[in-house]
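Counting in UniProt numbering, the sequence shown runs from 1 upward without gaps. Virtual Cβ for every residue (Gly too), placed ideally from N, Cα, C. Before any comments, here is the structure.
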Amino acid sequence: MFEKILIANRGEIALRVLRACKELGISTVAVHSTADADAMHVRLADESVCVGPPPARDSYLNIPSLLSACEITGADAVHPGYGFLSENARFAEILRAHNITFIGPTPEHIRTMGDKIEAKRTAARLGLPVVPGSEGAVRGDEEARRIAGDIGYPVLVKAAAGGGGRGMKVARTPDDLESALSTARAEAKAAFGDDALYIEKYLDRPRHIEIQVMGDGKGKAVHLGERDCSLQRRHQKVWEEALSPALNASERKAIGERASAAIAELGYAGAGTIEFLYENNEFFFIEMNTRLQVEHPVTEMVTGIDLVNEQIRVASGSGLSVTQDEITFDGHAIECRINAEHPETFRPSPGVIQHYHSPGGLGVRVDSAVFQGYRIPPYYDSLIGKLIVHGKTRTECLMRLRRALGEFVVDGIDTTIPLFSRLLDQADIINGDYDIHWLEEFLSGAE
Ligand code: ADP
Numbered sequence: 001m002f003e004k005i006l007i008a009n010r011g012e013i014a015l016r017v018l019r020a021c022k023e024l025g026i027s028t029v030a031v032h033s034t035a036d037a038d039a040m041h042v043r044l045a046d047e048s049v050c051v052g053p054p055p056a057r058d059s060y061l062n063i064p065s066l067l068s069a070c071e072i073t074g075a076d077a078v079h080p081g082y083g084f085l086s087e088n089a090r091f092a093e094i095l096r097a098h099n100i101t102f103i104g105p106t107p108e109h110i111r112t113m114g115d116k117i118e119a120k121r122t123a124a125r126l127g128l129p130v131v132p133g134s135e136g137a138v139r140g141d142e143e144a145r146r147i148a149g150d151i152g153y154p155v156l157v158k159a160a161a162g163g164g165g166r167g168m169k170v171a172r173t174p175d176d177l178e179s180a181l182s183t184a185r186a187e188a189k190a191a192f193g194d195d196a197l198y199i200e201k202y203l204d205r206p207r208h209i210e211i212q213v214m215g216d217g218k219g220k221a222v223h224l225g226e227r228d229c230s231l232q233r234r235h236q237k238v239w240e241e242a243l244s245p246a247l248n249a250s251e252r253k254a255i256g257e258r259a260s261a262a263i264a265e266l267g268y269a270g271a272g273t274i275e276f277l278y279e280n281n282e283f284f285f286i287e288m289n290t291r292l293q294v295e296h297p298v299t300e301m302v303t304g305i306d307l308v309n310e311q312i313r314v315a316s317g318s319g320l321s322v323t324q325d326e327i328t329f330d331g332h333a334i335e336c337r338i339n340a341e342h343p344e345t346f347r348p349s350p351g352v353i354q355h356y357h358s359p360g361g362l363g364v365r366v367d368s369a370v371f372q373g374y375r376i377p378p379y380y381d382s383l384i385g386k387l388i389v390h391g392k393t394r395t396e397c398l399m400r401l402r403r404a405l406g407e408f409v410v411d412g413i414d415t416t417i418p419l420f421s422r423l424l425d426q427a428d429i430i431n432g433d434y435d436i437h438w439l440e441e442f443l444s445g446a447e
């Protein structure tokens, strides 16, 4: 087992990883920018190293600085969390060259899945159902027009290097296609430095259902059921649940087994998420994330399995602690992403938290790194915490969520907490009857 792990991240996920390390008796190294010198992850770690000034590119994304921090502290492994360098194949390669373990899959698997065209090709080869679309990148507008005509409108133009919903444009008619292509191309070039585009069928009213998988890197893999992440704003997840209210046990078993078989065949190591769109009882692969997800706690709550602990075990060569037969699903869990944003306009709201009280009691988990008096810096994303609630049934879970939201006090800044209380009054939410467009329609007053 590792002796010392450097956590190359900040905020709630840095704390989440730190907690797993403590339980395993592994020493921890926190890294931080000058803006985060007083952050909770720094206070709770055994050691800390400042890796640069506030902008992420100079600190949390600064590979030479992170490498020096490993050398200085003698860390034998790095956990990247999510975001930042978690899906950077180059970072994983550089660590490997320095004999430091990257807690995640191989650079090769990160690279394959990071290119969405390559990922889709691989998924199809591994027997997963994919969204109908272009075979690979579309070369010019002429080819795009022909392919879109073949698939049938509406189509979605997507960036091969895409992420966070950027570089993605819908074309409803042939007339829309040209502008969709040029906007997506410009966005992709600016955001990722890569303007390769592909086209797929735009599914009308799907749900977003993703399967959590874990591989041991030696050909064994398990799945831990699904998460329903259909409640999204601007392609960003807002509320996630496990299991999905839309699937029955046999559908769950079938797609889970296909996903874990694919991961086993790939020889994949560590945690991964295979994302699908689900419409008319059919699944369509859209992408795979080769890291821990923000919403992983809902899976932990229904399976009782600590995903970060499993990641560390696999990276250290100890293998998975569970077999598929030992994985069972107990009750229901929902996660609400608490952002420092106005609950109606979603304008970011950095500043000082004047009063803070987090909810508690049976079945309530808060993953957050904020506290009373904490100043939220303006440099990073607006997620300040996650409220995760577990209940024996979905109905109990909803009741408990309402109760927990009522206890949550975060004064001095705007947060998205009131949005979740509003959602709990909606019949569609209570019934689990929503798709990927529901939240946007609700927010625009159409519901
Ligand atoms: P990103 O990596 O930018 O997040 P994804 O491929 O994961 O992009 O897609 C993000 C979201 O966009 C999905 O959860 C879904 O809401 C929507 N989406 C993606 N592909 C399609 C599609 N073919 N049809 C309809 N909606 C889609």
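Asked: At the level of alpha carbons, what is the spacing between E447 and L423?; Found: Because E447 carries a pLDDT of 48, less than 50, the predicted location of this residue cannot be relied on, and the following value inherits that uncertainty. Looking at the two C-alpha atoms, the distance is approximately 11 Å.
Asked: Leaving aside the five residues before and after K392 along the sequence, list all residues of the same chain whose C-beta is less than 6 Å from its C-beta, in chain order.; Found: G331
Asked: Mind reading off the beta-carbon distance from A161 to D115? Whole number of angstroms is fine, and I expect it under 8 Å.; Found: 7 Å
Asked: Among the candidates E265, F84, Y202, G193, whose CA atom is the shortest distance from the CA of S134?; Found: Y202
Asked: Mapping the DSSP letters down to three states, classify M288 as helix, strand or coil.; Found: strand
Asked: According to DSSP, is P132 part of a helix, a strand, or is it coil?; Found: coil
Asked: Between K220 and L320, is the Cβ-Cβ spacing less than 8 Å?; Found: yes
Asked: Below 8 Å on the Cβ atoms is my contact criterion, and I expect S230 with H208 to pass it. Report the Cβ-Cβ distance as a whole number of Å.; Found: 5 Å
Asked: Could you pull out every residue in the same chain whose Cβ sits closer than 6 Å to the Cβ of Y60, ignoring the five residues on either side in sequence?; Found: F84
Asked: Would the stretch 361-378 count as touching the stretch 276-283 if we require 3 or more Cβ pairs under 8 Å?; Found: no
Asked: For V370, which three-state DSSP category applies?; Found: coil
Asked: Just to check my reading of the structure: G272 and I263 have Cβ atoms closer than 8 Å, yes? What is that Cβ distance to the nearest angstrom?; Found: 7 Å
Asked: Quick check: does the Cβ of I429 come within less than 7 Å of any heavy atom belonging to ligand 1?; Found: no
Asked: Assign R258 to one of two classes, buried (16 or more other C-beta atoms within 10 Å of its C-beta) or exposed (fewer than that).; Found: buried
Asked: Return the chain-ordered ranges of every beta strand (DSSP E) run that is complete within the stretch 32-67 and spans a minimum of 3 residues.; Found: 47-52
Asked: Excluding the 5 residues flanking G215 on each side, which residues of the same chain have their C-beta closer than 6 Å to its C-beta?; Found: A221, I263, Y268, A269
Asked: Is S182 helix, strand or coil by DSSP?; Found: helix
Asked: In the DSSP output, which residue or residues are listed as bridge partners for P348?; Found: E341
Asked: Is the separation between the beta-carbon of V51 and that of A69 shorter than 8 Å?; Found: yes
Asked: Per DSSP, what kind of secondary structure is R16 in: helix, strand or coil?; Found: helix
Asked: Does the separation of the CB atoms of M399 and T290 fall below 8 Å?; Found: no
Asked: Could you name the residues whose beta carbon sits closer than 5 Å to any heavy atom belonging to ligand 1, keeping them in chain order?; Found: V131, L156, G162, G163, G165, E200, Y202, L203, H208, H235, I286, E287, I436
Asked: Using only the alpha-carbon positions, how far apart do L405 and P64 sit?; Found: 42 Å
Asked: Within its chain, find whatever has a CB closer than 7 Å to the CB of G385; leave out the 5 residues flanking it on each side and keep chain order.; Found: E12, I338, V366, D367, S368, V370
Asked: Can you tell me which of P378, L401, A427 puts its alpha carbon nearest to the alpha carbon of I413?; Found: P378
Asked: Please classify V302: does DSSP put it in a helix, a strand, or coil?; Found: helix
Asked: Using the beta-carbon count (16 or more within 10 Å), is I274 buried or exposed?; Found: buried
Asked: Taking the continuous beta strand (DSSP E) assigned at A269, which residues delimit it?; Found: 269-279
Asked: Alpha carbon to alpha carbon, how far is I100 from V29?; Found: 14 Å
Asked: Using 8 Å for Cβ pairs, my map puts I199 next to I147. What's the rounded Cβ distance?; Found: 5 Å
Asked: How is E447 classed by DSSP in three states: helix, strand or coil?; Found: Residue placement at E447 is flagged as unreliable, the pLDDT there being 48, under the threshold of 50; the coordinate-derived value follows with that caveat. In this structure, E447 counts as coil in the three-state DSSP scheme.
Asked: Quick one: measure Cβ to Cβ for V302 and F329, integer angstroms, because I've assumed they're closer than 8 Å.; Found: 5 Å
Asked: Which one of S349, A340, G351, H390 has the shortest CA to CA distance from G360?; Found: H390
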